[in-house]
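Chemist: Dumping the structure here so I can ask a few things about it.
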Amino acid sequence: MSDQFKGIELVWLTETDLTNLNAGEGGTNIVDVKKFRKQGVEYPYVSGQAMRFYLRESVRRELPESTFMCTPNDKGETCGDISKCWNCDLFGFMTTIRGTGAVTRVSPVKVSPAIGLLPLDDNSTIDFLTRKKRVEAGEKAKGDIVNVELGVNIYKCGISIDVQRIGYEEEVDQDSKVLKFVDKLNNNGAERNLRIRSVVSGIKYLADYSKQARLLTDFTPDVILGAVQQRYSHRLQKAFEIDNNKNLNIERFKSIINDMKGYGTIYFGLLPGLLNNEQQVKKIAAELELEVLQPQEVFEKIINSIG
Ligand SMILES: [Zn+2]
């Protein structure tokens, strides 16, 4: 990737069937969904921490041979070696290194929570399942009933990759006391590009969410915008807003694309049948000179531009 690229952003909408992707606090016999309240109405969400976990597991599944991703120890600490470890480089860490003390790395891969855009009340149900209890040998097996809150919804998710931080570590020059970025990879960017590509393609294959044995959810993008940017920003994240009838806010969409055209190449993908005002969205896309692609093609375009 050319040095002038500073960021890659993706924002997407995904429609789920009945699912519970991230449990809330619940109670003894209820597994609810995580939810937030906006103007008195409840919506479901999946925390940023859960989304990072899903993405990390997706990258781990496709890890090329001879590359390495550590797993945290019992204190949640990771290895901290960004030249070798994709986990520590891409997702950051807070760890204690012998002789150095506590070291923190801010994650160059930033993930948003997945926000449900349709009210929970109109789009959820309570299902129940039997939870088996562990019993002593010889005792009769017992189970108790657990209620599980499930919902359908359209979620908005996003990711921003701080391209120029991948494979780089901040170090203070001992003589001048100036903060420098030191390249820890030293192979003309090939390894860096491989790591960036793995994150983008990780989104394409997200699958390791909770409770999948019973729920089999597809949480990959249905409507997506992707940008390869000469400036680092999070602007694209605001491009999608929908009302309760699944109409995309056209003015908002237009305004964000126009904002970003000056410093980024933008790709747009749309799976038919999700947005109510799909025809209008296509018309606006044409006016904005955005080709309407399949969501998968947006990933291909971005991965190809990484090099
Ligand atoms: Zn590590």
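Here the sequence shown is numbered in the working numbering, starting from 26 and rising by one per residue. For every residue, glycine included, the Cβ atom is placed at its ideal position computed from N, Cα and C. These numbers come from a predicted model, not from an experiment.
#1: Just jot down, in chain order, the residues whose CB lies closer than 5 angstroms to any heavy atom of ligand 1.
#2: What does DSSP give as the partner residues of R81 in its beta bridges?
#3: Applying the 10 Å Cβ sphere with the 16-neighbour rule, what's the burial state of P69?
#4: Report all residues from its chain with a CB closer than 7 angstroms to the CB of F61; omit the five preceding and five following residues, and keep chain order.
#5: Spell out a yes or no on whether the segment 136-153 and the segment 179-191 are touching, meaning 3 or more CB-CB pairs, one atom from each, closer than 8 angstroms.
#6: Just the Cα atoms here: how many angstroms apart are L142 and A252?
#7: Taking Cβ positions, are D187 and K31 nearer each other than 9 angstroms?
#8: Where does Q254 fall in DSSP's three states?
#9: Cutting at 7 angstroms between CB atoms, please list the residues of its own chain near S149, excluding the five before and the five after it.
#10: Give the straight-line distance between the Cα atoms of S91 and G117, rounded to the nearest whole angstrom.
#11: Taking DSSP's pairing of strands, which residues face S72 in a bridge?
#12: Using DSSP bridges, identify the partner residues of T155.
#13: Say whether the segment 284-301 touches the segment 317-325, bearing in mind that this needs 3 or more beta-carbon pairs closer than 8 angstroms, one atom from each stretch.
#14: Quick check: the Cα distance between G289 and L241, rounded to an integer number of angstroms?
#15: Where do the ends of the alpha helix (DSSP H) carrying L35 lie?
#16: Go ahead and label I228 buried or exposed: buried means 16 or more other beta carbons lie within 10 angstroms of its beta carbon, across all protein chains shown.
#17: Please report the Cβ distance between V225 and I327, rounded to the nearest whole angstrom; I am assuming they are in contact, meaning their Cβ atoms lie under 8 angstroms.
Modeler: For this structure:
#1: Selection output, chain order preserved: C95, T103, C104, C110, N112, C113.
#2: R81 pairs with nothing; no bridge assigned.
#3: Burial check for P69: the Cβ neighbour count within 10 Å reaches 16 or more, so the residue is buried.
#4: Y68, Y70, listed in sequence order.
#5: The segment 136-153 vs the segment 179-191: in contact.
#6: Those two C-alpha atoms are separated by around 23 angstroms.
#7: Cβ distance < 9 angstroms, so D187 and K31 count as in contact.
#8: It is a strand residue.
#9: By the criterion of a C-beta distance shorter than 7 angstroms, S149 is surrounded in its chain by E174, L175, G176, once the five residues flanking it on both sides are discounted.
#10: Approximately 21 angstroms, taken between the alpha carbons.
#11: For S72, which the question treats as bridged, DSSP gives no partner whatsoever.
#12: Partner(s): I170.
#13: Under the 8 angstroms Cβ criterion, the segment 284-301 counts as touching the segment 317-325, having at least three qualifying pairs.
#14: Approximately 35 angstroms between the Cα atoms of the pair.
#15: No alpha helix (DSSP H) holds L35; the beta strand (DSSP E) holding it covers 32-44.
#16: Classification of I228: buried, given that the 10 Å Cβ count is 16 or more.
#17: The C-beta distance from V225 to I327 rounds to 5 angstroms, short enough to meet the 8 angstroms contact threshold.
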